[in-house]
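Everything below concerns the one structure shown next.
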Amino acid sequence: MRVFPRRCFRSLGTLAAALFFTGAAFADAHGVAPGGGGLEGVEATLKGATLEVRAGGATRSIALPLAKPEARISTIAIGEGRHVLHVHATEGALGLPSASWQARTWDAVFAGGKEVFAGPTGYTAGEDGERTGQIVEVTDRDDATKFVLVADVREDTRICGQATTPLSVRGLDAKTLALRGASLHRIAKKERDAATRIVAVAMGGTARPPLARLLAASGASGGKAPAITDGKLETAWSEERPGDGHGEFVAMRAPTEAPLHSLVVTPVPAHAPPAAERGAPGHATPSPERVAPRTFFVATDARLFHVTMPEDARANVAYEVPFPEPIRTSCVALVLDEAYDGDRAAPVVTIAEVAARTKLDVDGATFDDVAKELSGARADEAAAVLRRGGDPALAAVSARWSSLDAKARAFAVDVASSAGTCGGPAMELLTRALADEASEVRRRASGRIERCGKQATESLMLAVRSSEERRRAASAGLLASIAPAAAFDPLSEVAGAGATETRRAVRAALARAATATTREKLTAALARPGLTPDARLDLVRAFGPRLAELRPEAEAALTEVLAATPDMRTRWLVAEPAAQLGDVPRLVSLANDPEWPVRARALEASATLPAMQPSRMKGAADPHPRVREAALHAMAAASNPSRSPTNGAGSSHDASSSKASGAAAARALGGDTWTFVRVAAAEVLGATGAEPAALAKGLGDRSAKVRAAAVVALGASRAAGQASAIRARLDDTQEDVEVRALAARTLGKLCVQSAADRLTHLAILARSPVDEADERIGTAALEALGMLHPPDIEKRLAPLRDPKSRTLLKRAADAAVAERGSCR
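Counting in numbering that gives the first Met the number 0, the sequence shown runs from 0 upward without gaps.
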């Protein structure tokens with residue numbers, strides 16, 4: 000039995016661009032391959048989604064995996080007097096472009112009663128971008144016969160511009176009817192003939208290599224593709240196929256931002272023997288079988304070039320392939336054609352390296368020159384080169400950082416991000432970029448560091464310890480987020496140092512890190528020798544949620560801070576950690592401080608401490624209105640623990656405290672001259688539920704802010720007995736719009752069903768509003784109706800749910816109807 004010869008495909012005139020794409024219409028779904036050459040005939044008919052195949056008196060049925068298949072059944076002469084039947088079925092209408100049929104086609108080849116191939120074809124498996132499958136191709140062999148080929152296809156391994164490129168090709172042997180390995184040119188003859196001709200130029204030993212490796216091998220028909228773009232002349236790609244390797248290819252990715260002026264091809268590896276020595280004594284190893292290409296094709300996204308080498312390549316000699324004009328492309332494929340020494344028994348065509356040159360290379364630019372271009376008209380091209388330039392490019396960008404504009408600095412961040420490492424110079428630049436004034440620069444830097452995760456820990460620790468305050472502040476939060484346990488030491492070391500903004504950022508990060516730190520480390524940090532008062536105070540403030548665990552060390556630290564720096568600022572700052580510690584004596588002292596801001600701050604922080612109630616009562620009568628306000632806010636928070644500004648340890652008000660707070664608030668609501676104090680007083684009455692009559696009087700306050708606060712407080716305290724007073728605020732057309740809207744919502748919250756008709760009327764007015772007040776009040780009325788949810792709510796709101804209603808109003812009405820109601 001003769002093995003199907005691979006090299007016979009060298010004489011192919013063309014790779015048929017898939018006969019089913021020639022535009023010919025499908026014949027009837029029936030075909031016959033006559034017998035001959037010792038092979039029996041075969042007949043196939045497509046009936047619906049079933050293919051019936053008859054050969055040698057037997058019939059078999061094949062169910063096609065297509066819902067509504069249409070088929071072409073072709074008779075193909077393969078030589079030796081034999082014929083086979085090729086069935087190509089596709090889903091739906093004919094004439095679909097290749098991108099449409101690849102996932103919905105089915106092919107079969109029958110030789111007499113033998114099924115050579117049958118199955119789905121095109122890209123049939125895998126994820127987008129990495130799909131795989133098989134295809135069946137039919138190509139001319141001579142005037143009378145054809146080759147039938149079956150090949151693998153991979154979406155990520157294609158010649159540029161091709162929808163599919165055949166890989167691992169097997170041809171049907173006319174004698175054995177077996178699929179045997181075959182070679183073919185993967186570019187159609189018509190395209191090869193139309194390719195632009197280029198003659199490569201030897202660059203000599205002094206040729207300067209391109210600045211950056213712009214090309215990255217993405218796949219090949221055979222051999223180790225990465226070797227062709229790894230920058231090492233000692234490694235090489237070989238097609239690793241018997242024959243001269245014509246049609247074998249390597250595909251490479253390229254940056255579209257950088258127009259390519261030429262390719263630099265080094266065919267012979269540095270360790271290979273010179274051409275004159277090939278086959279000489281001492282070189283009888285497989286290396287003499289490695290040969291250089293004589294011609295090859297270069298395919299890009301839109302163009303094809305035929306390249307002729309000027310000589311049999313010498314070892315370590317580069318050749319330039321100049322393009323007629325600069326080319327922007329995302330893909331470059333090198334496709335072998337003819338080879339030197341191609342008549343040898345088993346030549347292996349080899350190429351050591353392929354690189355690309357840009358105008359920057361032509362001009363002899365350095366990486367420093369390229370870095371300057373980041374601020375110019377060629378910024379995209381410069382960035383593409385720098386991203387692929389390795390450490391020298393990164394060093395140039397870092398050196399130019401301070402002179403770059405915002406757009407260029409964003410590109411520089413991309414260069415650092417492309418370094419592929421999460422440490423060293425790249426991360427040093429990225430942590431500098433975290434503090435940049437441009438938000439886009441900060442965003443890109445932060446994104447890259449976050450992707451590095453814990454691998455960025457060391458670099459962020461260095462940034463936190465750096466003398467650059469903005470860099471320190473910007474890095475602190477990321478470090479605490481990525482590695483809180485590792486962040487504690489560097490953050491505690493720099494606590495209290497620098498400007499206010501820097502200290503605030505470090506303190507916030509330290510608070511997060513403290514949650515992942517042991518008590519021993521926390522107390523050791525507080526006791527560290529040489530701490531400045533600011534550093535010690537920042538540590539205490541950052542440890543806030545953990546302070547209850549740190550007695551007596553934290554109390555001692557506060558004492559030291561106040562002894563060293565007893566100014567008003569320090570006393571103000573000490574109030575919150577004192578409250579978190581439950582240090583009532585110190586907090587009482589601060590609540591009696593001669594400076595009103597300190598008194599106010601101490602009272603604000605006191606909400607969770609029942610023992611501070613006497614101080615709050617005293618503060619409610621303080622001469623300074625801000626202290627009175629702070630005391631009242633603390634009373635409200637003490638009665639409503641969910642609003643506590645500290646840990647929310649639970650209500651610190653018993654019945655007597657609530658009564659006392661309510662009395663103090665009633666006095667303030669009825670008599671304080673300051674609006675914000677009266678607003679705070681209404682808040683207390685709403686939280687305690689005390690003195691509803693006093694709150695009702697607040698509805699008549701001269702300030703709309705106080706009246707609004709009183710309405711809200713009556714709703715919070717569930718004072719349904721004051722519904723008529725609230726209704727009066729809603730009905731008063733001279734009342735402030737916000738007060739009226741709040742009154743409408745509060746009637747719903749208090750489940751005042753008698754207000755449903757009035758609320759409905761106000762809601763309907765919003766359909767044709769006279770002014771903004773009608774809209775705001777009407778929307779509030781809809782919310783109230785949703786809470787009340789009267790049984791006939793759909794009927795009431797039907798006019799607003801009409802399709803002609805304004806969208807926002809219709810949505811509000813729909814929401815009210817859909818609301819389950821809170822008054823059932």
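Heads up, the beta-carbon is just placed ideally off N, CA and C, and yes, glycines get one too.
Residue(s) in a DSSP beta bridge with residue i
{"i": "V31", "result": "E42"}
{"i": "E69", "result": "T89"}
{"i": "I61", "result": "L50"}
{"i": "D825", "result": "Residue 825 lies beyond the residue range present for the chain, which begins at 0 and ends at 823; the question has no answer from this structure."}
{"i": "S136", "result": "The sequence as given places Glu at residue 136; Ser does not occur at that position. E136 is bridged to L148."}
{"i": "W236", "result": "I350"}
{"i": "R212", "result": "Paired residues: none, contrary to the question."}
{"i": "I763", "result": "Paired residues: none, contrary to the question."}
{"i": "P321", "result": "S261"}
{"i": "R153", "result": "T131 and T156"}
{"i": "V587", "result": "Bridge partners of V587: none, in fact."}
{"i": "A124", "result": "T131"}
Continuous alpha helix (DSSP H) stretch holding residue i: start and end
{"i": "Q612", "result": "Q612 to G618"}
{"i": "A249", "result": "Position check: residue 249 holds Val in this sequence, whereas Ala was assumed. V249 -> not in any alpha helix (DSSP H); beta strand (DSSP E) instead, spanning F248 to R252."}
{"i": "R506", "result": "T499 to A513"}
{"i": "C451", "result": "S438 to C451"}
{"i": "Q579", "result": "M567 to L580"}
{"i": "R169", "result": "Element bounds for R169: not the alpha helix (DSSP H) but the beta strand (DSSP E), L166 to L171."}
{"i": "V676", "result": "T674 to T687"}
{"i": "V751", "result": "Here V751 belongs to no alpha helix (DSSP H), and DSSP marks it neither H nor E."}
{"i": "S491", "result": "P483 to V493"}
{"i": "H897", "result": "Because the chain spans 0 through 823 in this model, residue 897 falls outside it and cannot be assessed."}
{"i": "A556", "result": "E552 to A563"}
{"i": "R701", "result": "Unbroken run through R701: none, as it is neither H nor E."}
{"i": "G785", "result": "E771 to L787"}
Endpoints, beta strand (DSSP E) assigned at residue i
{"i": "S261", "result": "L259 to T265"}
{"i": "R53", "result": "T49 to A54"}
{"i": "V316", "result": "Careful: V316 lies outside any beta strand (DSSP E) and carries neither H nor E."}
{"i": "H245", "result": "Careful: H245 lies outside any beta strand (DSSP E) and carries neither H nor E."}
{"i": "I197", "result": "T195 to V198"}
{"i": "A332", "result": "C330 to L335"}
Anticipated Cβ contact below 8 angstroms, residue i with residue j, distance rounded
{"i": "M611", "j": "A663", "result": "That pair is no contact at about 14 angstroms."}
{"i": "A253", "j": "L259", "result": "7 angstroms"}
{"i": "L741", "j": "A707", "result": "5 angstroms"}
{"i": "I158", "j": "F304", "result": "Not quite, the Cβ-Cβ distance comes to about 13 angstroms (not below 8 angstroms), so this is no contact."}
{"i": "L262", "j": "A354", "result": "7 angstroms"}
{"i": "R677", "j": "L684", "result": "R677 to L684, Cβ: 11 angstroms. No contact."}
{"i": "A562", "j": "L586", "result": "17 angstroms between Cβ atoms; not a contact."}
{"i": "L749", "j": "G777", "result": "Their Cβ separation, rounded to whole angstroms, is 19 angstroms, which puts L749 and G777 out of contact at 8 angstroms."}
{"i": "D151", "j": "S167", "result": "5 angstroms"}
{"i": "P576", "j": "L546", "result": "6 angstroms"}
{"i": "G476", "j": "A508", "result": "5 angstroms"}
Counted within 10 angstroms of its Cβ, other Cβ atoms place residue i as buried (16 or more) or exposed
{"i": "V198", "result": "exposed"}
{"i": "L807", "result": "exposed"}
{"i": "N639", "result": "buried"}
{"i": "K188", "result": "exposed"}
{"i": "E436", "result": "exposed"}
{"i": "H29", "result": "exposed"}
{"i": "E380", "result": "buried"}
{"i": "G495", "result": "buried"}
{"i": "S767", "result": "exposed"}
{"i": "R819", "result": "exposed"}
{"i": "P280", "result": "Caution applies to P280, whose pLDDT of 45 falls short of 50 and renders its modelled position unreliable; the model cannot decide the point."}
Minimum Cβ-Cβ distance from residue i to chain D less than 7 angstroms
{"i": "P321", "result": "In the structure shown, chain D does not exist; there is a single protein chain."}
Quick one: any contact between the stretch 192–202 and the stretch 212–221, if contact means 3 or more CB pairs under 8 angstroms?
-> Inter-segment contact for the stretch 192–202 and the stretch 212–221 is absent: fewer than three beta-carbon pairs are separated by less than 8 angstroms.
Is there contact here, the stretch 370–387 with the stretch 399–410, by at least three beta-carbon pairs under 8 angstroms?
-> Judged by pairs of C-beta atoms under 8 angstroms, the stretch 370–387 touches the stretch 399–410, as three or more such pairs exist.
For the stretch 588–601 and the stretch 548–560, state whether three or more C-beta atom pairs, one from each stretch, are separated by less than 8 angstroms.
-> Result no; under three Cβ-Cβ pairs closer than 8 angstroms.
Counting Cβ pairs, one atom from each stretch, are 3 or more of them under 8 angstroms apart for the stretch 378–398 and the stretch 422–438?
-> By the Cβ criterion, the stretch 378–398 is in contact with the stretch 422–438, since at least three pairs of Cβ atoms, one from each stretch, lie closer than 8 angstroms.
The stretch 135–150 / the stretch 46–54 touching (three or more Cβ pairs under 8 angstroms) = They do not touch, by the three-pair rule.
If we count Cβ pairs, one from each stretch, closer than 8 angstroms, do we get three or more for the stretch 717–724 versus the stretch 691–701?
-> A contact exists between the stretch 717–724 and the stretch 691–701.
With contact counted as at least three CB pairs below 8 angstroms, one residue from each stretch, are the stretch 305–313 and the stretch 225–233 in contact?
-> Contact between the stretch 305–313 and the stretch 225–233 is absent: fewer than three C-beta pairs spanning the two stretches fall below 8 angstroms.
Does the stretch 174–191 come within contact of the stretch 311–318, defined as at least 3 CB pairs closer than 8 angstroms?
-> Because the criterion of three Cβ pairs below 8 angstroms is not met, the stretch 174–191 and the stretch 311–318 do not touch.
Taking contact to mean at least 3 C-beta pairs separated by less than 8 angstroms, is the stretch 75–88 in contact with the stretch 102–117?
-> Cβ pair count under 8 angstroms is three or more, so yes.
Is there contact between the stretch 355–362 and the stretch 288–301, where contact requires at least three CB pairs shorter than 8 angstroms?
-> With the cut-off at 8 angstroms, the stretch 355–362 and the stretch 288–301 do not touch.
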